[in-house]
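Colleague: Quick one: structure below, then a few questions.
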Amino acid sequence: MQLEFTEEEQSFREEVRAFLREQLSPAISEKVLAGYELGRDDLVQWQRRLHDRGWGGMGWPKQFGGPGWNSVQQYIFDEESALAGAPRLIPFGTKMVAPVIMAFGSPAQQQRFLPPISSGEEWWCQGYSEPGAGSDLASLKTRAERDGEFYIVNGQKTWNTLGQYADWIFCLVRTDAQAKQQSGITFLLIDMKTPGITVRPIILLDGGHEVNEIWFENVRVPVTNRVGEENKGWTYAKFLLGHERTSIASIGLAKRELARLKRIAAAERKNGRPLIEDPLFAAHVAQIEIDLWALEITNLRVLSADRRSPAAGPEASILKIKGTEIAQSISELMMRAVGPYALPFRREAMEAGWQFDPSREPPGPRYASNLAGAYFNLRKLSIFGGTNEIQKNIISKMIVGL
Amino acid sequence: MDFEFSDEQRQLREVVERYLTDQYGFERYRAIKGSDAGWDAAVWRELADLGVLGINVPAAHGGLGFGPLETLAMMGACGSSLLLEPLIDSAVIGTAVLRAFAGDAAASEMLSRMAIGQEIAVLAHFESDARFESQWVTTRARRSGEKYILDGHKGVVMQAGAANTLLVSARTAGEAGEASGVSLFRVPRETPGLVLDAYPTVDGRRAADVYLTGVELPVAHRLGNEGAALAAIESGLDLGVAALCAEAVGVMQALVDATVEYVRQRQQFGVPIGRFQALQHRIADMLIHLEQARSMSYLAALRCADSNVTERRRALSAAKAVVGQAGRFVGQQAVQLHGGMGMTEELKVSHLFKRLTAADLMFGDSDTHLQRFAALTA
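Chains Z and P supply the protein sequences, listed in that same order. Start counting the first sequence at 1; every next residue gets the next number (the working numbering). Start counting the second sequence at 1001; every next residue gets the next number (the working numbering).
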């Protein structure tokens, strides 16, 4: 038993750091470290740089053009990227649809779809949730009817993250209305330019346009864009949701944000002293820090066990629940740290460009202007990817078995 | 980065687990707990035969020469079985403190006897006003010719009654709160002027407030240099904290197991109560606390002997705080989910809960360690 990474893993970490030093532009990392939103171009540019280095398909095996990293390497990459202020990759292509295409797609689909995901040329979004199908995903109603070599898709998807940028969407659709809920579902890849698709923004409580509704009206999808077999989509969907175990806790991101919290609390004053010295505030920060430390070791334990035999236990759910709770606590405490200057709210303060326009300086300290918005936005963490309550159902099913 | 136990560590754990499963069932635990002494000399001999008492004693003195990771490996089983004997007090802390005085022939001899179960030595350090601050020593040792004369009061010394020797800290210089000026003395149990006010603790163990009134000791009973014993005392306590964290995780595991079993069996409204989501989520929360605590018990074992004192203390305080908080949650919820049965003396659950309660109150509770962590991290 030891905490230290192996020499090989250490030198891999150095390699990642060197890459980040060379390739990550300050224009991007400054935004990330200060908590601003990134635009589409920032994200695509970063994906390109990774791709040029051979790391575009992170977590992919070599045969599909990935670097063939094991889960420890992916963890190290995620951690270093987060600490350096690199963009968090939009997961829908690289981490969600790509593994499904690799595992269940045809060779033609693999050749067609994987390279542009790696290179950032094609942006994917997710078509799982529907207005009536959230946690109870299998109750989805969007239907696809066969018409020769096409499916005709009708219905509505919602909570499409950054669907406004997407070239493609992967969708769960109902192909057999008679079958039991889980068994009549099919997994389709749909070109967003297909006639009949309408994207409508949903404005969230922080004022941002991050998610969308997507309407399908007689959308014709070639049968060749079906992944795997008809009516077996639920199996692939579950595979997709269960695929992510290594970085779900977002340890590196939480470390970075905790450091930002401490910087803010050191800059803020209470009775003329740094807020970080206030015993109650310091205790709140310390509580988060020890919880995060424990979660980091829990995460490393999962990686360590995975090296021997990857097994699906309740660990991924534990990591998701605690990781999101910690991220939310940090964002909440950051907002509370700035006191009344968390109150002034201008939506544009969330966007990076705004801060750098001296004629439109925000009131109060610069770092305060986006904290409340981030706090509101991050309430999503315990809701998406399987609500934390669903995660607890999963845990108890595994250990209580009732 | 690796969280597997070595083969040797796994073997040790299995030996201890097997012994406790076969020989230390709940009924025997209750009998020992109800006895006058509150611990069983026969069990102590059996543990010595297994080598367990020498876990922390160098091989040169007849021990196994193991360390914190081996202690970690076996303490979980001690927790699950509610082992009452003074394992942490003597075999972990006592030996660790004595090991720091390698040049002292008497200390070496004690270690040899402790490894085979012929001597029990516990640290009598904390005082009633110290509230877990190890530098708060007011007990005085006055030099008088070839003797020291000790006067003072040590509060809640765990297993003092079981010990042949108390390792008593006393000030030979300075004031309470100062790191230097603290010396350590071997005080045989029968020394005149040493009085124990003994009592049971909430978890059914035994402790005592220790009064020293004009206790005369030969100079040779001082361990190490005069006024320079605090580092050794703290190194022993650090190993003790790590061992206690590991034990507490074993207790929590037993509580989670018992609760899972109970909600599967117990029927209300015509179904096992484990079908109810409110209870399912509580169990999920218990498991999360348990796993977070387990992670920190590993950290504590890996760092409790670190030569970087700040890093060591940060890790131990983080661990003790997480384990203390987790222990409160898991213990309270285990009782809650057992309903009225959880309140009874008859069920092991209540005993496990009380042990966790005691563990949080020992060596600094979760708030104390949270504050210590904050101070070391700022």
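For glycine and all other residues, C-beta sits at the position ideal for the given N, C-alpha and C. Values in this document were obtained by computation on a predicted structure and should not be read as measured data.
Tell me which same chain residues have a C-beta within less than 6 Å of the C-beta of A1325 (chain P), skipping the five on either side of it?
Modeller: At residue 1325 (chain P) the sequence reads Gln, which differs from the Ala that was named. Closer than 6 Å at the Cβ level, and outside the excluded window around Q1325 (chain P), lie S1366.
Colleague: Cutting at 6 Å between CB atoms, please list the residues of its own chain near L1361 (chain P), excluding the five before and the five after it.
Modeller: No residues qualify anywhere along the chain.
Colleague: If we call anything under 8 Å between Cβ atoms a contact, is A1305 (chain P) one with L1239 (chain P)?
Modeller: Yes, Cβ-Cβ distance for A1305 (chain P) and L1239 (chain P) is below 8 Å.
Colleague: Taking C-alpha atoms, which residue in Z:V302, Z:N160, Z:G364 lies nearest to L343 (chain Z)?
Modeller: For L343 (chain Z), the nearest C-alpha among the options comes from Z:G364.
Colleague: Taking the Cβ atom as the reference point for each residue, do E268 (chain Z) and V338 (chain Z) lie within a distance shorter than 8 Å?
Modeller: Yes.
Colleague: Starting from C125 (chain Z) and walking both ways along the beta strand (DSSP E), at which residues does that stretch end?
Modeller: 124-127 is the span of the beta strand (DSSP E), which, as asked, contains C125 (chain Z).
Colleague: With a threshold of 8 Å between beta carbons, is A1318 (chain P) in contact with chain Z?
Modeller: Cβ-Cβ to chain Z under 8 Å: yes for A1318 (chain P).
Colleague: Measure the beta-carbon distance from A1293 (chain P) to A1248 (chain P) and round it to whole angstroms, keeping in mind my assumption that it falls under 8 Å.
Modeller: Correct: roughly 7 Å between the Cβ atoms.
Colleague: With a floor of 3 residues, list each beta strand (DSSP E) that falls wholly inside the stretch 53-140 of chain Z, ordered by position along the chain.
Modeller: Within the stretch 53-140 of chain Z, the complete beta strand (DSSP E) runs of at least 3 residues are 124-127.
Colleague: Pick out whichever of Z:L89, Z:L188, Z:P362, Z:G59 has its Cα sitting closest to the Cα of W449 (chain Z).
Modeller: As shown, chain Z starts at 1 and ends at 402. That puts residue 449 (chain Z) outside it, with no answer to give.
Colleague: Throw me the rounded Cβ distance for the G163 (chain Z) and V199 (chain Z) pair, which I believe falls under 8 Å.
Modeller: Yes, G163 (chain Z) and V199 (chain Z) are in contact; Cβ-Cβ is about 6 Å, under 8 Å.
Colleague: Candidates P:R1189, P:R1282, P:F1353: which alpha carbon is nearest V400 (chain Z)'s?
Modeller: When only C-alpha atoms are compared, the closest one is P:R1282.
Colleague: Please determine, among P:T1377, P:L1123, P:S1317, P:A1059, the residue with the shortest C-alpha to C-alpha distance to V285 (chain Z).
Modeller: Selected option, being the one with the closest Cα: P:T1377.
Colleague: Among residues of its own chain, excluding the 5 on either side of G184 (chain Z), which ones have a beta-carbon nearer than 8 Å to its beta-carbon?
Modeller: R174, T175, D176, A177, Q178, N231.
Colleague: With 16 as the cutoff for other CB atoms within 10 Å, does V1202 (chain P) come out buried or exposed?
Modeller: Looking at its Cβ environment, which holds fewer than 16 other Cβ atoms inside 10 Å, V1202 (chain P) is exposed.
Colleague: In whole angstroms, what is the alpha-carbon distance linking Y165 (chain Z) and E289 (chain Z)?
Modeller: Computed Cα separation, rounded: 36 Å.
Colleague: Any idea if D52 (chain Z) is buried or exposed, counting beta-carbon neighbours within 10 angstroms, 16 or more meaning buried?
Modeller: D52 (chain Z) is exposed by the Cβ-count criterion.
Colleague: Please name the residue in Z:G35, Z:S11, Z:L140 whose C-alpha comes closest to that of F77 (chain Z).
Modeller: Of Z:G35, Z:S11, Z:L140, the residue nearest in Cα terms is Z:S11.
Colleague: With 16 other CB atoms within 10 Å as the buried threshold, where does P26 (chain Z) fall?
Modeller: By the 10 Å Cβ count, P26 (chain Z) comes out exposed.
Colleague: With DSSP collapsed to three states, give me the class of V338 (chain Z).
Modeller: Here V338 (chain Z) sits in coil by DSSP.
Colleague: Specify, as a first and last residue, the run of the beta strand (DSSP E) that K157 (chain Z) falls within.
Modeller: Counting along the chain, the beta strand (DSSP E) containing K157 (chain Z) begins and ends at 150-161.
Colleague: Which of helix, strand or coil does DSSP assign to N976 (chain P)?
Modeller: Not covered by the structure: residue 976 (chain P). The range shown for chain P is 1001 to 1378.
Colleague: In chain order, what residues of the same chain have a beta carbon less than 7 Å from the beta carbon of Q73 (chain Z), not counting five sequence neighbours either side?
Modeller: Excluding positions up to five away in sequence, the list reads F12.
Colleague: Since A1359 (chain P) contacts A1258 (chain P) with CB under 8 Å, what's their CB separation in whole angstroms?
Modeller: About 17 Å separates the two Cβ atoms, so there is no contact after all.
Colleague: In this structure, does DSSP put C171 (chain Z) in helix, strand or coil?
Modeller: Strand at C171 (chain Z).
Colleague: Does DSSP put P1188 (chain P) in a helix, in a strand, or in coil?
Modeller: In this structure, P1188 (chain P) counts as strand in the three-state DSSP scheme.
Colleague: Any heavy atom of the ligand HEM inside 7 Å of the beta-carbon of T1165 (chain P)?
Modeller: Absence of the ligand HEM from the depicted structure is noted, as is the absence of any ligand whatsoever, leaving it without description.
Colleague: Please identify, using Cβ separations under 8 Å, the residues of the stretch 273-293 of chain Z that lie next to chain P, in order along the chain.
Modeller: If the cut-off is 8 Å between Cβ atoms, the stretch 273-293 of chain Z has I276, E277, P279, A282, A283, V285, A286, Q287, E289, I290, D291, W293 near chain P.
Colleague: How many Å lie between W293 (chain Z) and G252 (chain Z) at the Cα?
Modeller: Using only the alpha carbons, I get a separation of about 11 Å.
Colleague: Do we get a CB-CB distance below 8 Å when we pair I390 (chain Z) with the residues of chain P?
Modeller: By this cut-off, I390 (chain Z) is not an interface position.
Colleague: Using the three-state DSSP reduction, which class does R1142 (chain P) fall into: helix, strand or coil?
Modeller: DSSP places R1142 (chain P) in strand when its eight states are reduced to three.
Colleague: With H, G and I counted as helix, E and B as strand and the rest as coil, what does DSSP make of F216 (chain Z)?
Modeller: Strand at F216 (chain Z).
Colleague: Let's see if you can read the secondary structure: which residues bound the alpha helix (DSSP H) around M1362 (chain P)?
Modeller: Taken as a continuous stretch (DSSP letters only), M1362 (chain P) belongs to no alpha helix (DSSP H), as it is neither H nor E.
Colleague: Quick one: what's G1025 (chain P) bridged to in DSSP?
Modeller: Looking at the DSSP assignment, G1025 (chain P) forms no beta bridge with any residue, so it has no partner.
Colleague: What first and last residue would you give for the alpha helix (DSSP H) that runs through M1074 (chain P)?
Modeller: 1068-1080 is the extent of the alpha helix (DSSP H) around M1074 (chain P).
Colleague: Look at the Cβ atom of R1171 (chain P), then the Cβ atom of R1143 (chain P), and state whether they are nearer than 8 Å.
Modeller: No, these two residues do not count as a Cβ contact at 8 Å.
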